[in-house]
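Report on the structure given below.
There are 2 protein chains.
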Amino acid sequence: MLRFQTIIYIFIAFQLTACKNDTSKENIEIKKTPFAIVIHGGAGTIKKEYISSEKEAAIRQKLQEALNTGYLVLENGGSSLDAVQKTINVMENSPLFNAGKGAVLNSDGKTEMDASIMDGNTLNAGAVAGVFNIKNPINAARLVMDSIKHVMLSGKGAETFAKKYNVQFEEDAYFFTERRWNSLQKIKAKHNEKTFNKAVYNLKTDFVDEHKYGTVGAVAIDKNGNIAAATSTGGLTNKKYNRIGDSPIIGAGTYANNKSCGISSTGTGEFFIRTLAAHEVSNQFLYKKLSLKKSIHDVIFNQIEPLGGDGGMIGIDKNANVAWDFNTAGMYRGYKKSTGENVIKIYKK
Amino acid sequence: MLRFQTIIYIFIAFQLTACKNDTSKENIEIKKTPFAIVIHGGAGTIKKEYISSEKEAAIRQKLQEALNTGYLVLENGGSSLDAVQKTINVMENSPLFNAGKGAVLNSDGKTEMDASIMDGNTLNAGAVAGVFNIKNPINAARLVMDSIKHVMLSGKGAETFAKKYNVQFEEDAYFFTERRWNSLQKIKAKHNEKTFNKAVYNLKTDFVDEHKYGTVGAVAIDKNGNIAAATSTGGLTNKKYNRIGDSPIIGAGTYANNKSCGISSTGTGEFFIRTLAAHEVSNQFLYKKLSLKKSIHDVIFNQIEPLGGDGGMIGIDKNANVAWDFNTAGMYRGYKKSTGENVIKIYKK
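First to last, the protein sequences are chains A and B.
For the first sequence, position 297 (counting from the first letter as 1) is numbered 297 according to our numbering, and the numbering increases by one without interruption.
In short: position in the second sequence from 1, add 1000, done, that's our numbering.
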């Protein structure tokens, strides 16, 4: 009996050692995880004939600057959260995109912005909706996530919070761009109160000449295999009633989960809310075992498009695969990976 | 050759007839779909020793009245959308629950309310967040869904919309209850600014003596097999910064999809946002082929609880199965089905 026990003990000891070896192997694998960052600057009727070569060059340059900023954070061993935040800052500070400085104007002629960020490691998240005069709304969202018990703050309350936490504010003049002012006047002339009604208003076509989907987003995976996603936007030109779109909604505009992937969306926000687009991609990946590319494609073409919505999504899965897709003419987008790949694209092909 | 063609034609005709028969069978089945409604009036530290027998009787009576109201709509062939809206109205008009008249007070001593509704047939949805003085926030959410292109409106803008669409407003005095005022003073005395900080604030335990999860929700399936879900709340006592909880977030507090189920949540909202609790239940049902009961259980105990959250969910699946679960001491809840079942419960057992 004693001999039998000894054999059992040796067997258990052997198993424990075996387990330890497995763990250290896993650690080595985690350390080898490649890192990557992917960004978008909005999807819409982005066609070569609408964009001058100077503007295209400026957009490509800014997308590259944004990618490089996040990539440098990752390369230096920084977190994916810091990478996506700093990357978004570059795009928020540019007048080229519908976020921060370049945000579109609401029906009162003001920039009313939304942003959200999510940590795929802890599932922590932060969001601000309908904020005015905050230079970088994504910074306020990050502070909500890191500092207080809530996930989502809105309007005046979010601004009070941001002031208390020393987020940078800017005067209206900082956000004013002639381009956005002209867009607003054009849309106001075209759409009266009647056309705001659901029955006669077509979200998909009524803004089609406005290239309006300039929302910015970033997703990154760092050297520790942690995924983060972030989105920042000015929403829709001429929006009313303190409308909240998908960008500040966790699971619609932004989602990150180390078990699956990180996602940032851009497009007709209402359809991304109704389909929980970002969370749905994660679940297609997790439960239906589809690739990230197929998951994104399925949600855009089989769920959002049949409802009448359009736009695009970018993502990175837990194995550092980068993917994107969109059902619009184009999407400002790019990625940079530790494997050396660096891609920037604007049009469909 | 001609004879062969004739045989083929007969075969095709036979197949078409067979298909037709199948379809009519399906139609008969749809017509036979039982209808049902399930409600909650919040989850929390609801224990027998904390509640007087008079209060328990009043709560049971109001839950029954709410159930009967929605059930009557369904019995008369009305839509599940109308059923959940009218059911929620009964609870919003009662001071017993944290919604409408009985809503808790924010840090300024005002009732700041959220509500959302979703149509499982069309995936249409409507929500209002951070609204004041609206008697029945769920009615405003329904009008957002039915009338305009947006899904989610907030703050002053949502109120402007509601006024334009003739939603009923009430003075502050209507919403004032001494019980909520006392709760606010108690919490204010207990929690200073420092305890608002994430590091030292425990969402799960710090309000434990407040029975605070009085959010109301309803899910119904009608005679046409259409599922609808709705949620209405005053959020957290002493909330600041125009915090938005899970109740007005489609996929977190409310979700409905005829392909799977309808869900309404109640609890520590931040955790339901981070897990996309309502949408996650739907996907567990749809992709993992779990029963509704198991799906709800899994999301609460394996996803929300490990993060530190608590609360409950109610739901009805496409086969009119009713289910609920919660990880708190109790949840005000009940259901009524066309099979004759009528159940009202408060405590765990």
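All residues carry an ideal CB built from backbone N, CA and C; glycine is no exception.
This one's a predicted model, so the numbers in the text were calculated from it and none came from an experiment.
Name the residue from the options whose alpha carbon lies nearest to the alpha carbon of residue i.
i               : options                               : result
I1134 (chain B) : B:M1152, B:G1100 and B:E1341          : B:G1100
T1177 (chain B) : B:K1086, B:T1111 and B:K1149          : B:T1111
A385 (chain A)  : A:S107, A:K337, A:A43 and A:G77       : Absent from the structure is residue 385 (chain A), since the part of chain A shown begins at 1 and ends at 349.
A220 (chain A)  : A:S94, A:E305, A:R180 and A:I314      : A:I314
K164 (chain A)  : A:R179, A:I148 and A:L72              : A:I148
S1338 (chain B) : B:P1306, B:A1256 and B:G1077          : B:G1077
G1120 (chain B) : B:T1254, B:L1153, B:I1187 and B:S1052 : B:T1254
T237 (chain A)  : A:V104, A:D325, A:A320 and A:G130     : A:V104
S94 (chain A)   : A:D146, A:H150 and A:Y174             : A:Y174
N321 (chain A)  : A:K293, A:G340, A:N302 and A:P306     : A:K293
N1302 (chain B) : B:E1075, B:S1291 and B:A1277          : B:A1277
A83 (chain A)   : A:P306, A:H150 and A:I39              : A:I39
Cutting at 7 Å between CB atoms, please list the residues of its own chain near residue i, excluding the five before and the five after it.
i               : result
A1141 (chain B) : A1115, S1116, I1117, G1126, A1127 and V1128
I1088 (chain B) : I1138, V1216, A1218, A1230 and S1232
I344 (chain A)  : R60, L63, Q64 and G334
I273 (chain A)  : D246, I249 and A252
W181 (chain A)  : L105
E1170 (chain B) : N1133 and K1135
D1298 (chain B) : Q1284 and L1290
Return the Cβ separation of residue i and residue j in integer angstroms, given the expectation that the two are a contact with Cβ distance under 8 Å.
i               : j               : result
V1216 (chain B) : G1041 (chain B) : 5 Å
G251 (chain A)  : I227 (chain A)  : That belief does not hold up - the Cβ atoms of G251 (chain A) and I227 (chain A) are roughly 15 Å apart, past 8 Å.
F375 (chain A)  : D222 (chain A)  : With chain A running from 1 to 349 in the structure shown, residue 375 (chain A) is simply not present.
G311 (chain A)  : S265 (chain A)  : 6 Å
N327 (chain A)  : I300 (chain A)  : 5 Å
I1046 (chain B) : M1331 (chain B) : 7 Å
L184 (chain A)  : V167 (chain A)  : So it is not a contact: roughly 26 Å between Cβ atoms.
D1325 (chain B) : I1296 (chain B) : 5 Å
G214 (chain A)  : G102 (chain A)  : 7 Å
Y71 (chain A)   : K288 (chain A)  : Not a contact, Cβ separation roughly 31 Å.
N1124 (chain B) : M1152 (chain B) : Going by Cβ atoms, the distance from N1124 (chain B) to M1152 (chain B) rounds to 12 Å, so no, they are not a contact pair.
K86 (chain A)   : V73 (chain A)   : 6 Å
G1267 (chain B) : A1043 (chain B) : 6 Å
What residues in its chain sit with their C-beta under 6 Å from that of residue i, if we drop five residues either side in the sequence?
i               : result
E92 (chain A)   : A99, G100, N136 and S232
I304 (chain A)  : F271 and T275
I187 (chain A)  : T237 and N238
G1130 (chain B) : E1112, S1154, G1155 and N1242
S260 (chain A)  : S282, F285 and L286
G350 (chain A)  : Within the shown structure, residues of chain A are numbered from 1 to 349, placing residue 350 (chain A) beyond reach of any answer.
F161 (chain A)  : L153
H279 (chain A)  : G251 and Y255
N342 (chain A)  : K336
Where DSSP assigns a beta bridge to residue i, which residues make up the other side?
i               : result
D1317 (chain B) : B:C1261
H40 (chain A)   : A:G217 and A:R333
A323 (chain A)  : A:G315
N106 (chain A)  : None; N106 (chain A) has no bridge partner.
A1127 (chain B) : B:S1116 and B:M1152
A256 (chain A)  : A:G262
S1232 (chain B) : B:A1115 and B:V1216
Y165 (chain A)  : Answer is none; Y165 (chain A) lacks a bridge partner.
R274 (chain A)  : Note: R274 (chain A) sits in no beta bridge, so no partner.
G1267 (chain B) : B:G1311
Can you list the residues of chain A that residue i reaches, using a CB-CB cut of under 9 Å?
i               : result
T1231 (chain B) : Neighbours of T1231 (chain B) on chain A: none; closest Cβ ~15 Å, over 9 Å.
F1097 (chain B) : In chain order: nothing, as chain A lies at least about 22 Å away.
N1121 (chain B) : Result: empty, since nearest Cβ-Cβ is about 12 Å, beyond 9 Å.
Return the chain-ordered list of same chain residues with a C-beta closer than 8 Å to the C-beta of residue i, the five sequence neighbours on each side being excluded.
i               : result
V1090 (chain B) : K1062, E1065, A1066 and T1069
E1029 (chain B) : No answer about E1029 (chain B) holds up, because its pLDDT of 47 lies below 50 and its placement is not dependable.
F132 (chain A)  : K110, T111, E112, M113 and E159
Y1347 (chain B) : I1046, K1047, K1048, A1329 and G1330
N1021 (chain B) : Residue placement at N1021 (chain B) is poorly supported in this model, since its pLDDT is 43, which falls under 50; the coordinates are not used for a value here.
N258 (chain A)  : G120, N121, G225, N226, I227 and K318
A1350 (chain B) : Since the first residue shown for chain B is 1001 and the last is 1349, residue 1350 (chain B) is missing from the structure and cannot be characterised.
Chain B partners of residue i, CB-CB under 7 Å?
i              : result
V151 (chain A) : E1270, I1273 and R1274
F161 (chain A) : Y1241
Is residue i a contact residue of the ligand SAH, with contact defined as CB to any heavy atom under 6 Å?
i               : result
A1083 (chain B) : Ligands in the displayed structure: none, and consequently the ligand SAH is not present.
Name the chain B residues whose beta carbon is nearer than 9 Å to that of residue i?
i              : result
A125 (chain A) : E1270, I1273 and R1274
Q260 (chain A) : According to the sequence provided, residue 260 (chain A) is Ser. The question's Gln does not apply to it. Those do not exist, as S260 (chain A) stays about 12 Å from chain B at its closest Cβ, beyond 9 Å.
Under 7 Å, Cβ to Cβ, is there at least one residue of chain C near residue i?
i              : result
Y287 (chain A) : Note that chain C does not occur in the displayed structure, where the protein chains are A and B.
List, in order along the chain, the chain A residues whose C-beta lies closer than 7 Å to that of residue i?
i               : result
H1279 (chain B) : G251, L276 and H279
K1156 (chain B) : N242
L1307 (chain B) : L123
What residues from chain B crowd round residue i, counting only those whose CB sits closer than 8 Å?
i              : result
G130 (chain A) : S1154, G1155 and G1157
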